[in-house]
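**Q** First residue of the sequence shown: 12, per my numbering; consecutive thereafter. All residues carry an ideal CB built from backbone N, CA and C; glycine is no exception. In this text the structure is predicted, and so the values were computed from the model without any measurement. Structure provided below as structure tokens; questions to follow.
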Amino acid sequence: MSKQYPYFISLDEAVSICNEYQIKRSTETISISNALSRVLATSVIAKVDDPGFDNSSMDGFAVLHADTLKVPAKLTIVGVSNAGTKEQPCIEKGEALRIMTGGPMPSGADSIIPIELCTIEGDEVILQEPSKPNYVRKKGENFTQQQELFPAGTIMSPEKISLCAAAGISEITVYKKLKIAVISTGDELKNLGDELTFGQIYESNSYGLKSLIEMYGHEATRFPYVIDDIKLLREALDDAAKNFDCIITSGGVSMGDRDFVRIIMEQEGEIKFWRVKMRPGSPPIFGLWNGTPIFGLPGNPVSSHVVFRAIVGKWLTASTNTSDYNSKYISATLSEDIKTQSGFTTFRRVELFEKSGITYARLKGHQGSGNIAGIAQSDGLTVILPDEKGRKGDVCKILLL
Ligand code: AMP
Ligand code: MG
């Protein structure tokens, strides 16, 4: 078949063609309270030292280590340091200060002895073993003022958001979310809540695609599904191209007479490629509709998820130079042969299990691309490269779901 665009190409080629059509991303400053999954546009610099002062990591007594070398040692208790104590306490030789976790270290002390190892008698504490310096958290040992905590391109996770707060940072500059339209197509589709009659199915892809878009830190709008009608499809695409940064459709991209997304793209859009050597999910189309990037995903539910992760997700992360953290990979040994096709990237649904300290992957559930239950029950997808065979015993890259 001769086409004016790349046809039935490798997954790598597909990803690199999409990346030629990146959208320039503007930035905004937001509160760290609303920062989950957002991507930093500028680096984050600590405003304070952490810890800001030497303090204790244990409940116990702050002492001078030299005073505790000969046990039992008897030291005079001269006060207490709580978390939040406002003035720097101090001790002298032969003295001990009761100290709580987070309490400032007194000057004159260099170590902590945990409370479990102490006997208190009146205003004296008796130690049965020497103190340890490693219970002292030193000023600036976690990070220091002016230190770069994260470079631009970092995706904000719950842990990183807490770290910003600990470093005194209330606002961060991030890339604006892309606004992405999700349009499902098909005569057989029905909305949730409607009664299904013979031949109909619930429209489900747009919900998963919206969630994937949000998982990647962007904003998704589900359009009402469009029946297989070229005029209605054109209207929806025109509307989406005008008001959104990117369009994701589902369904209608295969070889059939009623695959109208593909047909309208051939007649009126700009196709950049059609069909990719991947299993499942070979029908996708990518191009521009009135200048707006459009990813035409297959309607088969598993394919729509797999193609999103394998192509759209890569495009989304590349637009901010972000490492593709949303795709977490591990290596696992295949516990059985997996059906592959030479030249294709193969994404089979697998579950993971451990035996004798080795992580194995085995096929999970029905592997049909129409079976959303199979992918929903799986731990991951194999990423078997075009030149790999997927044989029992092979170590395989697994994309965790
Ligand atoms: P298509 O890609 O339009 O040929 O559709 C392939 C298969 O996916 C058919 O069995 C459709 O019924 C199904 N399908 C298409 N769109 C959706 C959708 N939005 N939700 C669930 N299944 C769909
Ligand atoms: Mg269809």
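1. Select from Cys407, Asp134 and Val55 the residue whose C-alpha is nearest the C-alpha of Gln158.
2. At a cut-off of 6 angstroms, is Gly263 close to the ligand AMP when judged by its beta-carbon and the heavy atoms of the ligand?
3. Answer yes or no: do Gly385 and Gly376 have a C-beta to C-beta separation smaller than 7 angstroms?
4. Take Ala176 as the anchor and find which of Ile241, Leu108, Leu160 and Ser27 has the nearest alpha-carbon.
5. Which one or two residues does DSSP pair with Arg233 in a beta bridge?
6. Just to confirm the assignment: which complete alpha helix (DSSP H) runs, minimum length 4, are found wholly within the stretch 293-374?
7. Quick one: Cα of Ala387 to Cα of Tyr32, how far?
8. Return yes when at least one heavy atom of the ligand MG lies under 6 angstroms from the C-beta of Gly197, else no.
9. Are the beta-carbon atoms belonging to Gly307 and Val264 less than 7 angstroms from one another?
10. From what residue to what residue does the alpha helix (DSSP H) around Ala177 run?
11. Any chance the stretch 242-252 sits against the stretch 205-214, with 3 or more Cβ pairs inside 8 angstroms?
12. Out of Gly401, Pro309 and Arg245, which has the shortest C-alpha to C-alpha gap to Gly280?
13. Can we count Gly310 as close to the ligand MG, meaning its CB is less than 6 angstroms from some heavy atom?
14. Quick one: give me the first and last residue of the alpha helix (DSSP H) that Arg273 is part of.
15. Among residues of its own chain, excluding the 5 on either side of Asn66, which ones have a beta-carbon nearer than 7 angstroms to its beta-carbon?
16. Specify the secondary structure class of Ser37 as computed by DSSP and reduced to three states.
**A** Here's the rundown:
1. Nearest C-alpha to Gln158 among Cys407, Asp134 and Val55: Val55.
2. Answer for Gly263: yes, Cβ within range of the ligand AMP.
3. Yes; because the gap between Cβ atoms is below 7 angstroms, this pair is in contact.
4. Out of Ile241, Leu108, Leu160 and Ser27, Leu160 has the C-alpha closest to the C-alpha of Ala176.
5. The partner list for Arg233 (beta bridge, DSSP) reads Val193.
6. Complete alpha helix (DSSP H) runs here, min 4: 312-318 and 324-329.
7. Ala387 and Tyr32 have their C-alpha atoms roughly 31 angstroms apart.
8. The answer is yes for Gly197.
9. Yes. Within cutoff.
10. From DSSP, the alpha helix (DSSP H) with Ala177 extends over Pro169 to Ala177.
11. Touching, no, given that fewer than three Cβ pairs across the two stretches are closer than 8 angstroms.
12. The shortest C-alpha separation from Gly280 is found at Arg245.
13. Because some heavy atom of the ligand MG lies under 6 angstroms away, the Cβ of Gly310 counts as near it: yes.
14. For Arg273, the enclosing alpha helix (DSSP H) stretches over residues Phe271 to Glu279.
15. Around Asn66: Gly113, Gly114, Pro115, Met116 and Arg148.
16. Note: Ser37 maps to coil in three-state DSSP.
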